[in-house]
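In our numbering, the protein residues as written are 4 to 449.
The C-beta atom is built at its ideal place from N, Cα and C for all residues, glycine as well.
Here's the structure, in structure tokens; my notes come after.
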Amino acid sequence: MQHILDAISAGDTSSADFANLDLPDHYTAATVHKDEVDMFEGVTSKDKDPRKSIHVEDVALPELGPGEAYVAVMASAINYNTVWTSIFEPVATFGFLERYGRLSELTKRHDLPYHVVGSDLAGVVLRTGPGVTKWQPGAEVVAHCLSVELESADGHNDTMLDPEQRIWGFETNFGGLAQIALVKSNQLMPKPDHLTWEEAASPGLVNCTAYRQLVSRNGGDMKQGDNVLIWGASGGLGGFATQYALNGGATPVCVVSSEEKAAIARSMGAELIINRSEEDYRFWNDEGTEQNPREWKRFGARIRELTGGEDIDIVFEHPGRETFGASVYVTRKGGTITTCASTSGYMHEYDNRYLWMNLKRIISSHFANYRESWEANRLIAKGKIHPTLSRSYPLADVGQAALDVHHNLHQGKVGVLCLAPEEGLGVRDHELRATHLDAINRFRGV
Ligand SMILES: NC(=O)c1ccc[n+]([C@@H]2O[C@H](COP(=O)([O-])OP(=O)(O)OC[C@H]3O[C@@H](n4cnc5c(N)ncnc54)[C@H](OP(=O)(O)O)[C@@H]3O)[C@@H](O)[C@H]2O)c1
Numbered sequence: 004m005q006h007i008l009d010a011i012s013a014g015d016t017s018s019a020d021f022a023n024l025d026l027p028d029h030y031t032a033a034t035v036h037k038d039e040v041d042m043f044e045g046v047t048s049k050d051k052d053p054r055k056s057i058h059v060e061d062v063a064l065p066e067l068g069p070g071e072a073y074v075a076v077m078a079s080a081i082n083y084n085t086v087w088t089s090i091f092e093p094v095a096t097f098g099f100l101e102r103y104g105r106l107s108e109l110t111k112r113h114d115l116p117y118h119v120v121g122s123d124l125a126g127v128v129l130r131t132g133p134g135v136t137k138w139q140p141g142a143e144v145v146a147h148c149l150s151v152e153l154e155s156a157d158g159h160n161d162t163m164l165d166p167e168q169r170i171w172g173f174e175t176n177f178g179g180l181a182q183i184a185l186v187k188s189n190q191l192m193p194k195p196d197h198l199t200w201e202e203a204a205s206p207g208l209v210n211c212t213a214y215r216q217l218v219s220r221n222g223g224d225m226k227q228g229d230n231v232l233i234w235g236a237s238g239g240l241g242g243f244a245t246q247y248a249l250n251g252g253a254t255p256v257c258v259v260s261s262e263e264k265a266a267i268a269r270s271m272g273a274e275l276i277i278n279r280s281e282e283d284y285r286f287w288n289d290e291g292t293e294q295n296p297r298e299w300k301r302f303g304a305r306i307r308e309l310t311g312g313e314d315i316d317i318v319f320e321h322p323g324r325e326t327f328g329a330s331v332y333v334t335r336k337g338g339t340i341t342t343c344a345s346t347s348g349y350m351h352e353y354d355n356r357y358l359w360m361n362l363k364r365i366i367s368s369h370f371a372n373y374r375e376s377w378e379a380n381r382l383i384a385k386g387k388i389h390p391t392l393s394r395s396y397p398l399a400d401v402g403q404a405a406l407d408v409h410h411n412l413h414q415g416k417v418g419v420l421c422l423a424p425e426e427g428l429g430v431r432d433h434e435l436r437a438t439h440l441d442a443i444n445r446f447r448g449v
């Protein structure tokens with residue numbers, strides 16, 4: 004791998020030289036193992052430890068197919084999907100790989116007894132497969148995580164609707180938490196020049212998801228002046244949703260669980276903040292069997308107090324079961340609840356009278372299409388939206404990085420250095436960086 008790193012570090016290696024680099028037949032990757040999916044049987048979710056299930060080991064370089072690229076991964080990041088994969092919840096991801104493997108001769112490569120995980124990367128294109136014309140070896144890139152086949156008509160208005168839509172590194176193999184990744188070339192986007200490798204890798208999945216869920220016509224279609232309720236406003240998704248609300252002239256109402264997280268939301272420019280721990284909302288009884296509408300009302304009253312009597316136009320939902328009833332209740336007449344997840348449980352309950360009588364809409368959202376991802380990355384590259392990286396781990400410690408996210412001990416995003424030997428490398432536009440340095444470093448060291 005050293006010769007690949009040397010070529011990247013040299014800064015003046017030509018595309019032809021990159022194309023001629025010898026590729027190793029093995030590389031180091033973070034994996035989970037098919038024969039270990041039952042290892043946590045009888046253990047509570049919280050006690051399932053990604054450090055036990057994630058291995059960092061040598062795996063064989065897969066064959067490069069048409070329309071694909073190998074990328075030398077300088078840095079990656081932890082997403083919640085790696086937490087799900089590593090604790091084998093709600094299902095083990097090997098079923099996804101088996102199903103993908105049955106699709107074609109080429110996709111069989113993905114069905115292996117190990118799963119290379121990870122849905123973000125920043126790095127350098129090493130080789131492209133037949134049919135790739137847009138990207139050349141040597142290109143500095145980030146990758147979004149939408150993998151589509153696009154053989155069916157269904158996906159051609161919105162690629163998220165492709166029947167063979169998958170999340171790379173979660174529902175496919177050869178993900179980004181590794182020294183080399185295999186991606187489709189239509190996952191590639193230019194790396195923002197003013198960011199380090201680990202900063203550039205970190206927005207990816209959550210930034211694109213937040214863009215579609217809140218800004219895109221396919222999601223919340225947010226407009227100036229909207230009041231946007233953002234759960235987990237300093238977390239992975241929420242850290243970007245808060246920035247999109249502020250950047251688009253809306254007013255975020257940020258929900259967080261500590262003063263430290265409130266300070267981060269404030270540093271992004273948010274003024275209306277609810278500390279859910281301090282105010283101790285109990286939307287459910289202790290058994291978790293019944294909700295308490297009086298608590299929804301208390302929450303709604305607090306929102307009105309902050310907004311000067313206004314209700315919420317768009318709720319940015321992802322905690323799911325725990326909060327969904329309250330989210331539906333506090334939305335204004337005609338307003339929208341956008342949901343992309345159910346971290347606290349996927350069997351949601353809400354009082355439908357508040358929905359239909361007030362003509363509220365629930366809109367589902369999932370990742371983002373290439374166009375939306377490109378737009379989200381473009382805003383990062385222009386310095387209008389910033390990475391939310393708080394710390395980075397070496398690839399060897401990826402299990403600990405996933406544990407931090409699993410236990411909600413992190414802020415914003417947790418990065419992982421793959422080939423990058425240290426943090427701080429890869430910046431090409433120092434002038435733009437200097438302009439935004441405070442914003443880029445906002446989540447650092449907290
Ligand atoms: N469909 C998609 O495309 C997509 C994409 C990305 C992520 N997701 C999913 O979205 C969820 C969040 O992802 P993320 O990357 O933002 O995770 P994250 O970095 O852990 O942030 C989520 C935040 O939500 C808040 N939260 C957690 N449980 C809560 C609860 N019971 N009640 C209220 N707030 C709660 C926490 O903030 P506080 O403690 O500060 O309140 C937490 O920091 C995960 O389930 C993930 O799998 C889905």
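Spatial distance of Gly291 from Glu325 (CA atoms)
Using only the alpha carbons, I get a separation of about 9 Å.
Give me, in chain order, the residues of the same chain whose beta-carbon lies closer than 8 Å to that of Arg447; leave out the 5 immediate sequence neighbours on both sides.
The beta carbon of Arg447 lies closer than 8 Å to those of Leu392, Ser393, Arg394 in the same chain, with the five residues before and after it left out.
Exposed or buried, what is Trp299 when buried is set at 16 or more other beta-carbons lying within 10 Å of its beta-carbon?
Burial call: buried.
Assuming the contact rule is C-beta atoms closer than 8 Å, Arg2 and Ala72 should be a hit. Round their C-beta distance to whole Å, please.
Nothing about residue 2 can be reported from this structure: the residues present for the chain run from 4 to 449 only.
CB Ala146 to CB Ala181, shorter than 9 Å?
No, the pair does not count as a contact, with Cβ atoms beyond the cut-off.
Bridge-paired residues (DSSP) for Tyr214:
None; Tyr214 has no bridge partner.
Three-state class that DSSP yields for Met360 in the structure shown
Reduced to three states, the DSSP call for Met360 is coil.
Local conformation of Trp234 per DSSP, three classes:
It is coil, neither helix nor strand.
Verify the contact flag: His321, CB atom, against every heavy atom of ligand 1, threshold strictly below 8 Å.
It does: the Cβ of His321 is within 8 Å (strictly closer) of some heavy atom of ligand 1.
In three-state DSSP terms, what is Glu152?
For Glu152, the secondary structure class from DSSP, reduced to helix, strand or coil, is coil.
Quick check: the segment 72 to 85 against the segment 197 to 213, are there 3 or more CB pairs under 8 Å?
Segments in contact, yes.
Residues that Phe21 bridges to, as DSSP identifies them:
Phe21 pairs with nothing; no bridge assigned.
Under 9 Å, do Gly429 and Met4 count as touching if we go by C-beta distance?
Cβ atoms of Gly429 and Met4: not closer than 9 Å.
Return yes when at least one heavy atom of ligand 1 lies under 8 Å from the C-beta of Leu240, else no.
Taking non-hydrogen atoms of ligand 1 into account, the C-beta of Leu240 is found less than 8 Å away from one of them.
Is there a C-beta anywhere in chain E that falls below 9 Å from the one on Thr136?
In the structure shown, chain E does not exist; there is a single protein chain.
Write down every uninterrupted run of the alpha helix (DSSP H) in the segment 46 to 132 whose length is 4 residues or greater and which is fully enclosed by it, in chain order.
For the segment 46 to 132, whole alpha helix (DSSP H) runs of length 4 or above, ordered along the chain, are 53 to 56, 83 to 90, 97 to 104.
Grouping DSSP H, G and I as helix and E and B as strand, with all else coil, what is Ile306?
If DSSP states are grouped into helix, strand and coil, Ile306 belongs with the helices.
Within the chosen definition, does the segment 45 to 65 reach the segment 399 to 411 through at least 3 CB pairs nearer than 8 Å?
Counting Cβ pairs under 8 Å, three or more are found: they touch.
Is Trp234 near ligand 1, judged by its Cβ being under 8 Å from some heavy atom?
At least one heavy atom of ligand 1 is nearer than 8 Å to the Cβ of Trp234, so yes.
Which of helix, strand or coil DSSP assigns to Tyr349:
Annotated three-state conformation of Tyr349 is coil, per DSSP.
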